[in-house]
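Taking it in order: structure first as structure tokens, then the write-up.
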Amino acid sequence: MRLERRAHVPLAARIGAPIAAVVVALALAGILIALAGAPVLEAYRRMLIGAFGSRLSITETLTRTVPLILTGLAAAVAFRARLWNIGAEGQFLVGALAAAALGSQHGLHLPAPLLIPALMVGGAVAGALMLLGPLALRLRFGVDEVVTTLLLNFVALLFVSMMIEGVLKDPLAFGWPQSVPVVGDALLPKLLPRSRLHIGLLVAVGLALLVALVQARTVFGMESRAAGLNPAAARFAGIGLTRILVLVACLSGGLAGLAGAIEVMGVKGYVTTDLSPGFGYTGIVVAMLAALDPIGVVFAALFVATMFVGADSMSRALGVPSFIADVIVALSLLAMLVALSLANYRIRR
Amino acid sequence: MMEALDIFASAGLWAAVLRIATPLIFGTLGALICERSGVLNLGIEGIMTFGAMIGWMTVYHGGDLWAGIAVAALSGAMFGLLHAAMTVPLGLSQHVTGLGITLFASSLSYYIFRLSIPVSGSPPTIVPFQPIAIPGLSDIPFLGEALFSQTAPTYLAVLLALAAAVALARTPLGLAVRIVGENPHAAEAQGIDPIRLRIGAVVAGSALMAVGGAFLTLSAFNSFFPTMVQGRGWVCIALVVFASWRPGLALLGALLFALFDAYQLRLSHVVGKAIPYQLFLMIPYLMSILALLVMARRARVPQALMQPFRRGER
């Protein structure tokens, strides 16, 4: 048995692969739901109702989609250039911390139309800096960035914990470890009244379109793809690999940091150590489900958010542990990898 | 200042070093065996979590402690088989598949645990492995208390590291694993099946990783809680580089690493609140990065690491 690369991947296979992967993941997770003693189809029905059954649940699902689009994009742009940024979780956290520090009453004093973009930039810069360190180690000393970016997630979490129990501690929080809140002007305007849905959704979708445009239409997009496909050939063609990777790292870390800043400004108003329920790691799954396509990231993020928001209410209704959402998401990733390989290769005997 | 140095004179520190090193020794050996055959296994964090959960669960439901270890090893082997099936014959990205296995194995651990153990105030516990004093050796002053009053899995870990060093360097199987990791085409020309050997190495290595996780719940602690592996798996991946892919150095690296960890724990008691405790907790992760930095250039990477082997393709 051997695998042979298909010369042409039909469009149906490219669109069908993620759908097939999700169906397989839902079927496999169904076994686990049945083990919990719950009716499987009813469980999935409850999940859909939990995610889309009411105005509140729809806005909650969309609110959850925002950080996942951004961390998904962060992983997608990096992986496309074979920069293995697994540190989006840490970049998210420092981005959030930067936004909280700059946006507090001790921070920048600007009117809202200037303050909000300034905090977004601040978060993005903090996230980008988090990734430039590991990239420098790779370029200068040949240290694999997978492990360094992973380890920095733990360092970032501890750093945030230190800050919110230290200089950035909110003295009015009754001793709870949380950061000083951002000022009212720094809070993102709501998209819909009486909901948590904020304009970050427009920012995230807009950035997905922008990244798609950059990748399809600019020299940088082409070069970063070439850098990922074949670094040696790219170098031979005169593409400055270092320059490309630095730009990719700024973009990837910046998007993850921006996700953190937007989560602070849009949802919570302050930073705690549990601000992210693994948005950085989930972003990797989002990116893979989208086959690293920026527009696909939006849909993949929506799917993953649906699972997480829906699982909570399904869990309450049927007593299935809500961890099932994480299992479905992880299974989707594994199924997607196999599906993509079957779409790109044919098996020859 | 003197107090900070006095810590080194306590036998308790050195006993803790061996204890803290044990899961790292198992995990590093497991990762090392996978990588020596040419397969990076980033599933380690999840596999350790699953081993910790399933090992504990086995004992909680009336199994023997060693049965817990065996079940954990078996579960690790199964995840290893999954990783190998996706990365060896299919040749999928080892990075992404491994991360997928980590996400899958850890979320499945939490799901199964929550399913069978209802939420309660204090987590249920088991009776863990008890320290075994080695007759004669444990009576030596200081050394005896520090080194020879450990639980059985710790002795096993040290012996396994030595056995792995000998096996890789001196046995035909070890040689075959090394050749496959360096040049699978050359291995095939010698009549070795690279695909089967890689699958075997990943399955065996992953079983060891899960045992490392099981040590946490069956010996170091007596209960399971989510996120208890706390990045130890990633530290093991870093330690493999530090050890330059050699089992003997892996043992040394794990011990050195555990020394820093055990020391920072005690130092923070001496220094008290003057320094934020989070700075001490960062040390293990920063140490791993430093270890990668120091060793990355000197390390002898298996030449075919992360390169899928396809018959007839070069």
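Residue numbers (this note's numbering), protein chains in the order written: chain A, -8 to 340; chain B, 12 to 325. Cβ atoms here follow ideal geometry from the backbone N, Cα and C, with glycine treated the same way.
- Taking a Cβ-Cβ cut-off of 7 Å, isoleucine 286 (chain B) has no neighbours in chain A, whose nearest Cβ is about 10 Å from it.
- Taking valine 214 (chain B) as reference, the option from B:Met68, B:Met89 and B:Glu56 with the minimal CA-CA separation is B:Met89.
- In the DSSP assignment, asparagine 335 (chain A) falls within the alpha helix (DSSP H) that extends over 315 to 335.
- Residue burial annotation: alanine 197 (chain B) is exposed, with fewer than 16 other C-beta atoms found within 10 angstroms of its C-beta.
- If you look at leucine 99 (chain A), you'll find it isn't in any alpha helix (DSSP H); DSSP assigns it neither H nor E.
- DSSP, read as helix, strand or coil, puts isoleucine 151 (chain B) in coil.
- Chain B places no beta carbon closer than 8 Å to that of tyrosine 35 (chain A), leaving this residue out of the contacts.
- The beta carbon of alanine 199 (chain A) is closer than 8 Å to those of Ile60, Leu64, Pro285, Ile286, Val288 and Val289 in its chain, skipping five residues each way along the sequence.
- Close to chain B, meaning a Cβ-Cβ distance shorter than 8 Å, are the following residues of the stretch 109 to 140 of chain A: Leu128, Phe132, Gly133, Val134, Asp135, Val137, Val138 and Thr139.
- When DSSP states are grouped into helix, strand and coil, isoleucine 230 (chain A) belongs to the coil group.
- Under the 10 Å beta carbon count, aspartate 272 (chain B) is surrounded by 16 or more other beta carbons and is classified as buried.
- About 19 Å separates the Cβ atoms of alanine 250 (chain A) and alanine 72 (chain A), ruling out a contact at the 8 Å cut-off.
- A residue is called buried once 16 or more other Cβ atoms fall within 10 Å of its Cβ, and alanine 180 (chain B), having fewer, is exposed.
- Residue contact with chain A for tyrosine 296 (chain B): present (Cβ-Cβ distance below 8 Å to some residue of chain A).
- At a beta-carbon threshold of 7 Å, the residues of chain A lying near tryptophan 245 (chain B) are Val138, Leu141 and Leu142, ordered along the chain.
- As DSSP reads the structure, isoleucine 143 (chain B) sits in a beta bridge with B:Gln161.
- Our two residues, leucine 229 (chain B) and leucine 322 (chain A), have alpha carbons roughly 28 Å apart in a direct line.
- Uninterrupted alpha helix (DSSP H) stretches at least 4 residues long and entirely within the stretch 201 to 248 of chain A occur at 210 to 220 and 222 to 227, given in chain order.
- Residues of chain A with a Cβ closer than 7 Å to the Cβ of alanine 168 (chain B) do not exist, since the nearest Cβ in that chain sits about 22 Å away.
- In the structure shown, serine 21 (chain B) falls within a coil segment according to DSSP collapsed to helix, strand and coil.
- Closest in C-alpha terms to arginine 308 (chain B), from the list A:Ala25, A:Leu128 and A:Val137, comes A:Leu128.
- Against chain A, the CB of glutamine 318 (chain B) has no partner CB under 8 Å away; the residue lies outside that interface.
- Neighbours of phenylalanine 314 (chain A) across chain B, judged by C-beta separation under 7 Å: Ser118, Tyr121, Tyr122 and Arg125.
- Per DSSP, the continuous alpha helix (DSSP H) segment holding asparagine 144 (chain A) begins and ends at 136 to 155.
- No residue range can be given for tyrosine 261 (chain A), since it is assigned to no alpha helix (DSSP H) and is classified by DSSP as neither H nor E.
- Using a Cβ-Cβ cut-off of 8 Å, leucine 328 (chain A) counts as an interface residue toward chain B, since at least one Cβ of chain B sits closer than that to its own.
- Between the C-alpha atoms of arginine 187 (chain A) and methionine 327 (chain A) there is a straight-line separation of about 32 Å.
- For proline 108 (chain A), the enclosing alpha helix (DSSP H) has its first and last residue at 103 to 132.
- With contacts defined by Cβ atoms closer than 8 Å, glutamine 161 (chain B) and leucine 303 (chain B) do not form a contacting pair.
- Between serine 48 (chain B) and glycine 155 (chain B), the alpha-carbon positions lie close to 38 Å from each other.
- Unbroken alpha helix (DSSP H) stretches of 4 residues or longer found wholly inside the stretch 63 to 148 of chain B: 76 to 98 and 105 to 127, given in chain order.
- Secondary structure at serine 279 (chain B): helix, using DSSP grouped into helix, strand and coil.
- Look at arginine -3 (chain A) here: in three-state DSSP terms it is coil, with no helix or strand label.
- Between leucine 149 (chain A) and leucine 266 (chain A), the CB-CB gap reaches or exceeds 8 Å.
- In this structure, alanine 221 (chain B) lies away from glycine 109 (chain B), with their beta-carbon atoms at least 8 Å apart.
- The distance from the Cβ of threonine 263 (chain A) to that of isoleucine 155 (chain A) is about 7 Å, consistent with a contact at the 8 Å cut-off.
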